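Asker: Below is a structure I'd like to ask you about.
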Amino acid sequence: MEIRLPALRERADRREVIAQIADEEAPHCRIAPDAWAQLMAYPFPGNMRQLRHVLRLAGATSEDGVITEADLDLPSFAARDVTADHTAAERAAIVEALRTNGGRVTETAKALKLSRATLYRKIKALKIALDG
1 MEIRLPALRE RADRREVIAQ IADEEAPHCR IAPDAWAQLM AYPFPGNMRQ LRHVLRLAGA
61 TSEDGVITEA DLDLPSFAAR DVTADHTAAE RAAIVEALRT NGGRVTETAK ALKLSRATLY
121 RKIKALKIAL DG
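Take the sequence shown: its position 95, counting from 1, is numbered 95 in the UniProt record's numbering, and each next residue is one higher.
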């Protein structure tokens with residue numbers, strides 16, 4: 001019998017897995033949108049052990065209980081495409097900001113320090129669905 005467990009980068013519930021492990025490894029911290037974008041874009045070749053280590057360290061070094069991108073000790077990944085990573089990180093940051101702001105574009109644009117027009121352009125370019 002063979003049981004295949006998908007790598008973290010292949011999982012559809014990746015965000016939920018990261019949130020669960022963050023609750024276990026850094027229970028008194030929340031993850032800032034820039035850090036979420038980085039975590040969602042990173043391929044995690046070390047899989048769950050690496051994710052646990054990164055979040056445990058980030059929780060220990062974070063200030064005011066907020067894990068930021070600067071707190072994440074993610075080693076460079078040689079085979080990665082920087083443009084694709086940037087696009088994925090940008091998309092994840094916008095999706096997270098929209099979720100945080102209840103889908104309200106004006107508030108999301110303010111939170112991301114973008115004009116509404118720029119945010120709408122990015123939403124269209126990144127094919128992000130707006131509910132409503």
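Every residue, glycine too, gets a C-beta built ideally from N, C-alpha and C. Quick caveat: nothing in here was measured; it's all calculated off a predicted structure.
Between which two residues does the alpha helix (DSSP H) holding Ile21 run?
Answerer: Counting along the chain, the alpha helix (DSSP H) containing Ile21 begins and ends at 14-25.
Asker: Which residues does DSSP list as the beta-bridge partners of Ile67?
Answerer: According to DSSP, Ile67 bridges with Ile31.
Asker: Do you know offhand how far Arg99's Cα is from Glu107's?
Answerer: So the alpha carbons of these two residues sit roughly 11 Å apart.
Asker: Have a look at Pro45 and Arg56 and give me their C-alpha separation to the nearest angstrom.
Answerer: Looking at the two C-alpha atoms, the distance is approximately 17 Å.
Asker: Tell me which residues share the same chain as Thr68 and place their Cβ nearer than 8 Å to its Cβ, disregarding the 5 neighbours each side in the sequence.
Answerer: If we look at Thr68 and ignore the five residues flanking it on each side, its Cβ neighbours are Ala32, Asp34, Ala35, Ser62.
Asker: For Tyr120 and Val105, what's the separation of their Cα atoms in angstroms?
Answerer: Each residue's alpha carbon lies about 8 Å from the other.
Asker: Given a cut-off of 8 Å on the beta-carbon distance, is the pair Ala37 and Ala92 in contact?
Answerer: Result yes, Cβ atoms of Ala37 and Ala92 sit closer than 8 Å.
Asker: The alpha helix (DSSP H) that contains Ala58, what's its start and end?
Answerer: Here the alpha helix (DSSP H) through Ala58 covers 47-61.
Asker: Just to check my reading of the structure: Asp73 and Val54 have Cβ atoms closer than 8 Å, yes? What is that Cβ distance to the nearest angstrom?
Answerer: Right, their Cβ atoms sit about 6 Å apart.
Asker: Can you check whether the CB of Ala117 is closer than 8 Å to the CB of Ala88?
Answerer: Cβ atoms of Ala88 and Ala117: not closer than 8 Å.
Asker: Could you check which residue in Glu2, Val17, Ile3 has the C-alpha nearest to that of Arg9?
Answerer: Of Glu2, Val17, Ile3, the residue nearest in Cα terms is Val17.
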